[in-house]
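Novice: Under this note's numbering, residues 56 to 809 are what the sequence shown spells out, in order. Shown below is the structure under consideration.
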Amino acid sequence: MDRPRWNIAWGVVFVVSVVGVVTAAGWAAAEALEERRSAAAARDLQMASMTIETADAVALLGGQPHVDEVASAVEHLATDHELALHALSPQQAARADELIDQIADCGRALLGPGADGPAAHDHRELHDLLELASRRAAANAAVAERQAVTAVAAAAIAVVLGAWVLGRTRRRQRYERSRAEASLLAGRRMAALIDDSPDIFVVLDAADRITFRSMSADGLLGPDAVFGDDLVELADPGDQQAFRALLGRSDADERSEVFRLAGPTGATGWFEVRVSDLSHDPLVDGHVVTARDISDEVHLRDELERLANTDVLTGLPNRRILPTALDGAALALRGDGTMMALLTIDIDGFKVINDTLGHLAGDQLLARVGDRLRDTVGPDAVVLRLGGDEFAVVISGIASESAALACGERLLQVLAEPIRLDDRLEPGNASIGVAVTADPDHVGLLLGEADVAMYAAKRQGGSTVVLFETELSTTASRATHLTRALRAADLDREMSIVYQPIVTALGSEVVGVEALLRWTSPEFGGVGPDEFIPLAETSGEICRIGTWVLGEVCRQIAAWTEMGIDPDLTVSVNVSPRQLAEEDYVRQVLATAEAWSIPPSRLAVEITESVALEQTGLARTRLEQLRRAGIQISIDDFGAGYSNLGQLLRVPFDVIKIDRSLLLTLTAMREQGGNDPSGPCAIMEAIVSIASILDAPVICEGVETEQQRRSLQASGIRYVQGYLTGRPAPADVVTPRLVAAGAARPVPALVLER
Ligand code: C2E
Ligand code: MG
Ligand code: MG
C-alpha cells in the first residue's frame with residue numbers, strides 16, 4: 056500500500072480508538088453517578104428508618120414524636136426501594152424490602168393510636184443492610200469513577216499522541232516534498248546547464264549506442280530522437296576504428312582525440328572528443344562522451360598552415376614544403392635505376408630589374424616565372440619558390456641524368472621567352488643547377504648539390520644549366536668553416552647583444568625588450584643569427600653560447616635597475632631546444648638570476664611552437680618549472696608553420712609572438728585583395744581570440760609600416776615589435792629610451808597587461 060493510503064488507515068484506527076475510549080469513559084461516568092445516587096438513596100432510607108426508630112423510642116418513653124418527621128420518613132420508606140437496595144444481593148434486598156415495609160407500618164402506627172412498633176433488632180438489621188448497600192454502591196461508584204478517569208486520561212493521551220504523530224507526519228511529508236522539489240530543481244538546473252553548454256554530452260551504452268544526449272547535440276544530431284544510434288558512425292569511415300578504440304580505452308578520460316563528425320542533419324564539424332567511463336555509476340550507466348566543437352580552431356590551423364606553406368606572390372608551395380616534396384620523390388626510388396632530381400633555378404639579373412623597374416615589376420616577373428615553371432613541368436614534378444628569386448623543381452621517376460638535364464634545358468628555354476612587364480618585354484633568363492640521385496639516403500644532400508651546380512651556372516655567366524658533379528663541390532663548405540669558427544669563438548670578444556623594444560600598439564610605450572644575439576667573426580665578419588644559430592644548434596655550441604647570453608642579459612638588467620629604469624621591465628631571451636633539454640637548465644637560469652640579484656619575473660623565455668609541442672614532454676616539464684619560478688614563457692614565431700592550436704593550448708605559456716612571415720603574408724594578401732591595408736584582419740583576430748582563452752597577450756613581430764600597426768591594433772593586438780617602433784640596438788643606444796619610458800609611466804606597470 057502506498058504512503059497516503061497508510062495515512063488514511065492509521066487515521067481511521069486512531070479516530071475509532073479515541074471515540075471508543077471516550078464512550079467507555081462516558082459509560083463509566085454514568086455508572087459512577089448511578090452508584091452514587093444508589094448510595095445516597097440507601098443513606099436516605101437509613102435516615103428514614105432511624106427517624107421512625109427514634110420516634111418509636113420517644114413514644115415508648117411517653118413522649119410525643121415529631122409527627123411531620125415521622126410522616127416524611129414513612130413516605131420515604133413507602134417509595135420504590137430498588138435504587139437504594141441495588142448493591143445488595145437479591146436475598147438481602149428482599150429482606151431489606153420486608154424490613155422497610157415493617158418499619159413503614161410502624162411509622163404509620165406511630166401516626167395512628169395504640170400500634171406497636173417493630174422490634175428493635177429489626178431496625179438494627181435494616182440499618183446494617185442499608186449500610187451495606189450504601190457502602191457497596193459507594194465502592195462501585197469509586198470503581199466506575201476510576202474507570203472513567205482512566206478512560207479520559209487514555210483518550211487525552213491518545214489525542215495528544217495522535218496530534219504529535221499527525222504533526223510529525225505532516226512535517227516529514229513537507230520535508231520530503233521540499234526535498235523532492237529541491238532535487239527536481241537541481242536536476243532541472245543541471246539539465247539547463249548541460250543543455251546551455253556549447254559542448255555536446257552523450258551517454259553511450261556498452262554497445263556504443265546513445266542512451267542520453269544533451270540538447271546542445273541538436274545541431275549535430277538533429278532534434279529528433281536518435282537514441283539507440285551508434286555515435287561512432289558519425290565519424291569519417293577512416294576514423295571509426297580509432298573512435299571506437301578511444302571509447303574502449305581504460306585510460307580514455309585522460310585523453311582526447313579530434314574527429315570530424317557528420318550528423319544526420321547534414322551538419323559537420325571537427326570535435327575534440329573526450330570519454331569518461333561512468334558505467335559503475337547507476338545514475339549514468341555508460342560512457343560519457345564530451346565533444347567540443349573546435350572547427351574554428353581547426354580551420355584557423357589549416358589556414359595558417361596553408362599560408363605558412365604557400366608563397367603568396369606565385370601561389371606556389373614555399374621552402375617549407377621542400378623536405379616533404381623530396382621525401383615524396385624518394386619514396387618512388389625503387390632501386391631499379393629510377394632516379395629523382397632537384398633543380399634549383401635563380402633568375403639572372405633580378406636585382407637589376409628590381410632596382411631599375413621597381414618592386415612591382417620584380418613581383419610581376421616572379422609571378423610569371425612561377426606560372427611558366429608550373430605550366431612546363433609534368434605531373435611528376437613539384438615546383439616551389441624557395442625565396443627571393445630562387446625557385447626549385449623536384450622531379451621523381453626520371454630515367455637518367457641526361458633526362459634531368461633535358462628538363463632543365465626545357466625550363467631555361469621557356470623562361471627565356473620575353474616576359475611583359477608593364478610596357479616592356481624582359482627575358483626571364485635563369486641559372487639552373489641540377490642534382491640527381493637514385494639512392495634514398497642521398498636525398499638530404501641534393502639541395503646543397505643543386506645549389507653548388509646553380510652557382511657554377513652563375514659563374515659561367517648565367518642562362519645555362521649545370522649538372523652537379525663531385526668536383527664542383529668545394530672541399531669544405533661555408534657551414535663547416537662557420538661551425539669551426541663558432542667552436543673557437545671567444546664569446547666575450549666576438550658576441551654581442553642588441554635589444555629590440557616591445558611596445559604597445561597604441562602609444563608605442565615600451566613594455567619590454569628582446570635580447571638578440573650578434574656575432575662578428577674575425578674570419579667571416581658579421582654573421583646573422585639566422586645562419587649561425589642553426590649551426591650552433593647542430594654542433595651543440597648553443598648551450599655554451601646560451602649560457603653566455605643569459606649571463607650577459609642578467610648583467611644588463613642589473614645595470615638598468617641600478618640606473619633606476621622601470622624595475623618591472625621584462626627582457627626576453629631566445630632559447631633553443633638543446634638548451635631546454637639540458638638536465639640543469641632551470642637551475643642554471645635561476646642561479647644566474649640570483650647571482651645578479653634579479654627577480655626571475657624580469658626574464659621571459661622565447662621558444663618556438665615546435666619546441667613547446669615536442670612529444671617527449673621534456674620541454675614541457677622544463678617550461679612548467681620555469682613558469683613556477685616566475686619566468687614568463689613566450690611562444691615565438693607563431694604562425695610560421697606548425698600552429699597546432701588545440702595542442703598549444705595545453706602548453707604552459709604566457710605570451711604569443713606572431714611571426715613576421717605571417718604578418719607579411721597577410722599584408723600581401725590584403726594588398727592583392729584590394730582590402731583596406733590598415734583595417735582589421737580576420738586571421739589576426741582569430742589568433743587574439745584563441746589566445747584570450749588562456750588570457751595570453753599577443754605580440755606581433757616584424758612590424759615595419761604604420762599601416763601594419765594600425766591593422767594589428769584594429770585586430771585586437773596590443774603589443775608590437777619591429778623596425779617601425781625600434782630596431783634592435785646595443786644597450787647604450789636603447790637605454791635613453793627606457794629611461795624616458797620609465798619617467799613617462801606614472802606607476803611602473805607590469806610588462807604585459809593581461
Ligand atoms: P626571433 O626571436 O623571431 O627574433 C626576431 C627577429 O626579427 C630578429 O632577427 C629581429 O632583428 C628581426 N626583426 C625585428 N623586427 C623586424 C622588422 O621590422 N623587420 C625585419 N625584417 N626583421 C625584424 P635576428 O636578430 O636576425 O634574429 C633571428 C632569429 O635568431 C631570432 O628570431 C631567434 O630565433 C634567433 N636568435 C637571435 N638571438 C638568439 C639567441 O640569443 N639565442 C637563440 N637561441 N636564438 C637567437
Ligand atoms: Mg624571439
Ligand atoms: Mg620571432
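Idealized CB from N, CA, C, for every residue including glycine. Remember, predicted model here, so these are calculated numbers, not experimental data.
1. Any chance the CB of residue 692 is under 7 Å from a heavy atom of ligand 3?
2. Entirely within the region 709-745 and at least 3 residues each: give me those beta strand (DSSP E) ranges in chain order.
3. If the criterion is Cβ atoms closer than 8 Å, does the pair residue 371 and residue 439 meet it?
4. Can you tell which of 303, 642 and 566 has the C-alpha that lies nearest to the C-alpha of residue 753?
5. Could you pull the start and end residues of the alpha helix (DSSP H) that residue 574 belongs to?
6. Cα-Cα, which of 428, 491 and 475 is closest to residue 469?
7. In terms of DSSP beta bridges, what is residue 342 paired with?
8. In terms of alpha-carbon separation, which member of 708, 760 and 101 lies closest to residue 750?
9. So residue 489 and residue 508 are supposed to be a Cβ contact under 8 Å. How far apart are they, rounded?
10. Taking 7 Å as the cut-off, is the C-beta of residue 714 nearer than that to any heavy atom in ligand 3?
11. Measure from the alpha carbon of residue 350 to the alpha carbon of each residue in 238, 591, 328 and 334, then state which is nearest.
12. So, using beta-carbon positions, are residue 99 and residue 131 closer together than 8 Å?
13. Is it a yes or a no for the region 201-213 touching the region 62-82, going by three-plus beta-carbon pairs under 8 Å?
14. Following the continuous beta strand (DSSP E) through residue 510, name the residue where it begins and the one where it ends.
15. Scan the region 370-405 and note each continuous alpha helix (DSSP H) run of 4 residues or more that stays entirely inside, going in chain order.
16. Classify residue 791 as buried or exposed, calling it buried when 16 or more other Cβ atoms lie within 10 Å of its own Cβ.
17. Less than 7 Å between the CB of residue 518 and some heavy atom of ligand 1, yes or no?
18. Note the first and the last residue of the continuous alpha helix (DSSP H) segment covering residue 525.
19. Please say whether residue 388 and residue 493 have beta carbons closer to each other than 8 Å?
20. Please report the residue range of the beta strand (DSSP E) in which residue 689 lies.
21. Measuring only the C-alpha atoms, how far is residue 629 from residue 570?
22. Does DSSP put residue 629 in a helix, in a strand, or in coil?
23. Go ahead and label residue 223 buried or exposed: buried means 16 or more other beta carbons lie within 10 angstroms of its beta carbon, across all protein chains shown.
24. Only counting the same chain, and skipping five residues up and downstream in sequence, which positions put a Cβ closer than 7 Å to that of residue 579?
25. Identify, in the order they occur along the chain, each residue of the same chain with its Cβ nearer than 6 Å to the Cβ of residue 674, setting aside the five sequence neighbours on each side.
26. Return the chain-ordered ranges of every alpha helix (DSSP H) run that is complete within the region 125-211 and spans a minimum of 4 residues.
27. Starting from residue 545, follow its DSSP beta bridges and name the residues at the other end.
28. Check whether the region 146-153 touches the region 173-193, counting contact only when three or more Cβ pairs, one atom from each stretch, lie closer than 8 Å.
29. In chain order, what residues of the same chain have a beta carbon less than 6 Å from the beta carbon of residue 437, not counting five sequence neighbours either side?
30. On the CB-based measure, 16 or more other CB atoms within 10 Å of its CB, does residue 64 come out buried or exposed?
31. Quick one: residues in its chain with C-beta nearer than 6 Å to the C-beta of residue 607, no 5 flanking neighbours on either side, listed in chain order?
32. How far does the alpha helix (DSSP H) with residue 600 in it reach, from first residue to last?
33. At what residue ranges does the region 632-683 contain a whole run of the beta strand (DSSP E), taking only runs of 3 or more?
34. I'd like the list of long-range same chain contacts for residue 260, defined as Cβ closer than 6 Å, with 5 residues on each side in sequence excluded.
35. Note the first and the last residue of the continuous alpha helix (DSSP H) segment covering residue 584.
36. Mapping DSSP to helix, strand and coil, what is residue 779?
Specialist: In short:
1. At least one heavy atom of ligand 3 is nearer than 7 Å to the Cβ of residue 692, so yes.
2. Contiguous beta strand (DSSP E) elements confined to the region 709-745 occur at 710-713, taking only those with 3 or more residues.
3. Cβ atoms of residue 371 and residue 439: closer than 8 Å.
4. The residue with the shortest Cα to Cα distance from residue 753 is 566.
5. Residue 574 -> not in any alpha helix (DSSP H); beta strand (DSSP E) instead, spanning 565-576.
6. Minimum Cα distance to residue 469 is reached at 428.
7. Answer by DSSP bridge pairing, in chain order: 259 and 332.
8. It is 708.
9. Rounded, the Cβ-Cβ distance is 6 Å, consistent with contact.
10. It does: the Cβ of residue 714 is within 7 Å (strictly closer) of some heavy atom of ligand 3.
11. Checking every option, the nearest Cα to that of residue 350 belongs to 328.
12. Taking 8 Å as the Cβ cut-off, residue 99 and residue 131 qualify as a contacting pair.
13. Touching, per the Cβ criterion.
14. Secondary structure note for residue 510: it is in no beta strand (DSSP E), and the uninterrupted alpha helix (DSSP H) holding it is 501-514.
15. For the region 370-405, whole alpha helix (DSSP H) runs of length 4 or above, ordered along the chain, are 377-386.
16. Classification for residue 791: exposed.
17. Flag unset: Cβ of residue 518 not near ligand 1.
18. Per DSSP, residue 525 is not a residue of any alpha helix (DSSP H), being assigned neither H nor E.
19. Contact flag set, yes.
20. According to the DSSP assignment, residue 689 belongs to the beta strand (DSSP E) that extends over 687-693.
21. Rounded to whole angstroms, the separation of the alpha carbons of residue 570 and residue 629 is 7 Å.
22. For residue 629, the three-state secondary structure derived from DSSP is strand.
23. By the 10 Å Cβ count, residue 223 comes out exposed.
24. Counting only Cβ-Cβ distances below 7 Å, and skipping sequence neighbours, we find 537 and 540.
25. These residues qualify, in order along the chain: 635 and 666.
26. If one requires a minimum length of 4 residues, the alpha helix (DSSP H) runs lying completely within the region 125-211 are 137-140 and 145-166, in chain order.
27. Answer by DSSP bridge pairing: none, since residue 545 is not bridged.
28. In short, these stretches touch, since the Cβ pair count reaches three.
29. Excluding residues within five positions, the ones whose Cβ falls inside 6 Å are 380 and 449.
30. With fewer than 16 other Cβ atoms inside 10 Å of its own Cβ, residue 64 counts as exposed.
31. Result list for residue 607: 552, in chain order.
32. Where residue 600 is concerned, the enclosing alpha helix (DSSP H) starts and stops at 597-617.
33. Taking only runs of at least 3 residues, the beta strand (DSSP E) segments lying wholly in the region 632-683 are 658-663.
34. If we look at residue 260 and ignore the five residues flanking it on each side, its Cβ neighbours are 266 and 341.
35. Counted as a single uninterrupted DSSP element, the alpha helix (DSSP H) harbouring residue 584 occupies residues 584-594.
36. Correct three-state label for residue 779: coil.
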